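*Asks:* The structure follows.
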Amino acid sequence: MSQAADHVAIIMDGNGRWAQQRGKPRLVGHRAGARRVREILEACPSAGVKYLTVFAFSTENWKRTQVEVSGLMLLFKRYIRRETQALIDDGVRVRFIGDRMKLDKVLVSLMDELELLTSQNFVVNLTVALNYGGRDEVTRAAQRMARDVETGKLAAKDVTAEVLAGFLDTHFLPDPDLVIRTSGEARISNFLLWQSAYAEYEFVDTLWPDFTANEFNQLLAKFGKRERKFGAVLA
Ligand code: IPE
Ligand code: IPE
Ligand code: MG
Numbered sequence: 000m001s002q003a004a005d006h007v008a009i010i011m012d013g014n015g016r017w018a019q020q021r022g023k024p025r026l027v028g029h030r031a032g033a034r035r036v037r038e039i040l041e042a043c044p045s046a047g048v049k050y051l052t053v054f055a056f057s058t059e060n061w062k063r064t065q066v067e068v069s070g071l072m073l074l075f076k077r078y079i080r081r082e083t084q085a086l087i088d089d090g091v092r093v094r095f096i097g098d099r100m101k102l103d104k105v106l107v108s109l110m111d112e113l114e115l116l117t118s119q120n121f122v123v124n125l126t127v128a129l130n131y132g133g134r135d136e137v138t139r140a141a142q143r144m145a146r147d148v149e150t151g152k153l154a155a156k157d158v159t160a161e162v163l164a165g166f167l168d169t170h171f172l173p174d175p176d177l178v179i180r181t182s183g184e185a186r187i188s189n190f191l192l193w194q195s196a197y198a199e200y201e202f203v204d205t206l207w208p209d210f211t212a213n214e215f216n217q218l219l220a221k222f223g224k225r226e227r228k229f230g231a232v233l234a
């Protein structure tokens, strides 16, 4: 029997190279990449995917030029404004993970509003990782946990993996079953470090702006045939 992937996480990489191949500025690639999300999202319900998590901006992406960073921030704002109605209509519940402190106030208020407007939806859960880094997330969780220990809300001996997971940005998410990275790079670049302990990985050469629902469905079918062991010896 083939298994469904409840939670698929995607490292949407290759926008810059896609633009470069066309002699265009990198932001043209980011715009084309943003347009791909809807098709993949729409493919989720029929494929049995309940959670889709996409990596949009990492804690390390601030190292890029100011032009690219501010262009991306503008794109995120435009994207939220443009897609809100379609997301509501499609029953998509949207949530963001990552550190909002460093993001501009207008963007953060759009993110909060979108989370609120879609909070009653249940067809599919879209999580957008924005200013997200796995190490940063675990560090922030450790800080919050330490604060609770300081104030006596939590005893050190009661800290378990489950308790720690509850402090992560992803506390509302199941662990990813499948992590896909486009653009041919075989690394995880600080994405969902804790949560992906037993995820299956797929690294594909396609650049993100060229990634289609068809390819997505092929990867899901391949996932369905994989044997997951979680450290056990299967009978
Ligand atoms: C991924 O595409 C999008 C972001 C990191 C924001 P890239 O911009 O990393 O594209 P390449 O890797 O340079 O082709
Ligand atoms: C990972 O891609 C981050 C996102 C897709 C948002 P990068 O392009 O930033 O990763 P590296 O620099 O190739 O590791
Ligand atoms: Mg890249």
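Each residue of the sequence shown is one higher than the one before, counting from 0 in numbering that gives the first Met the number 0. Every residue gets a Cβ at the ideal spot worked out from N, C-alpha and C, and that includes glycine. Quick caveat, the model's predicted, so the values are computed rather than measured.
Please tell me whether, using a cut-off of 7 Å, the distance from the CB of N60 to the nearest non-hydrogen atom of ligand 2 is below it.
*Replies:* Yes; taking the cut-off as 7 Å, the Cβ of N60 has a heavy atom of ligand 2 nearer than that.
*Asks:* Identify, in the order they occur along the chain, each residue of the same chain with its Cβ nearer than 8 Å to the Cβ of N216, setting aside the five sequence neighbours on each side.
*Replies:* Cβ within range, chain order: A42, A46.
*Asks:* Expressed to the nearest angstrom, what Euclidean distance is found between the alpha-carbon atoms of K224 and V7?
*Replies:* Straight-line Cα distance between these residues: approximately 15 Å.
*Asks:* Select from A164, N213, S118, D209 the residue whose C-alpha is nearest the C-alpha of G28.
*Replies:* Checked all of A164, N213, S118, D209; the closest Cα to G28 is D209.
*Asks:* Determine the contact status of R16 and L206, defining contact as a CB-CB distance below 8 Å.
*Replies:* Cβ atoms of R16 and L206: closer than 8 Å.
*Asks:* Pick out the complete beta strand (DSSP E) segments inside the segment 16 to 102, 3 residues or longer, and give them in chain order.
*Replies:* As far as the segment 16 to 102 is concerned, its whole beta strand (DSSP E) runs of at least 3 residues are 50 to 57, 91 to 96.
*Asks:* Could you check how far apart the C-beta atoms of F56 and L73 are, in whole angstroms? I think they sit under 8 Å.
*Replies:* The pair is not a contact, with the Cβ atoms about 12 Å apart (cut-off 8 Å).
*Asks:* If you run the structure through DSSP and keep just helix, strand and coil, what is V107?
*Replies:* Helix at V107.
*Asks:* Please indicate yes or no: does the CB of L71 lie closer than 7 Å to some heavy atom of ligand 1?
*Replies:* Yes - ligand 1 has a heavy atom lying nearer than 7 Å to the Cβ of L71.
*Asks:* Going along the chain, which residues put their C-beta within less than 5 Å of some heavy atom in ligand 1?
*Replies:* In chain order, the qualifying residues are D12, G13, N14, G15, R16.
*Asks:* Could you check whether the Cβ of R225 sits closer than 7 Å to any heavy atom belonging to ligand 2?
*Replies:* False, no ligand heavy atom lies under 7 Å from that Cβ.
*Asks:* Considering A141, what are the terminal residues of the alpha helix (DSSP H) in which it resides?
*Replies:* Taken as a continuous stretch (DSSP letters only), the alpha helix (DSSP H) holding A141 covers 133 to 149.
*Asks:* At a threshold of 7 Å, does R77 count as lining ligand 2 (C-beta to nearest heavy atom)?
*Replies:* No, since every heavy atom of ligand 2 falls outside the 7 Å radius drawn around the Cβ of R77.
*Asks:* Which one of S1, F222, L26, G22 has the shortest CA to CA distance from R65?
*Replies:* The question names Arg, but residue 65 is Gln in the sequence shown. Of the candidates S1, F222, L26, G22, the one whose C-alpha sits nearest the C-alpha of Q65 is L26.
*Asks:* Extract the residue ranges of the beta strand (DSSP E) inside the segment 145 to 222, only unbroken runs of 3 or more that lie entirely within it.
*Replies:* With a minimum length of 3 residues, the continuous beta strand (DSSP E) runs that stay inside the segment 145 to 222 are 177 to 180, 199 to 202.
*Asks:* Look at the Cβ atom of F95, then the Cβ atom of M110, and state whether they are nearer than 8 Å.
*Replies:* A contact, by the Cβ cut-off of 8 Å.
*Asks:* Tell me whether the beta-carbon of P175 lies closer than 8 Å to the beta-carbon of S188.
*Replies:* The answer is no: Cβ separation not under 8 Å.
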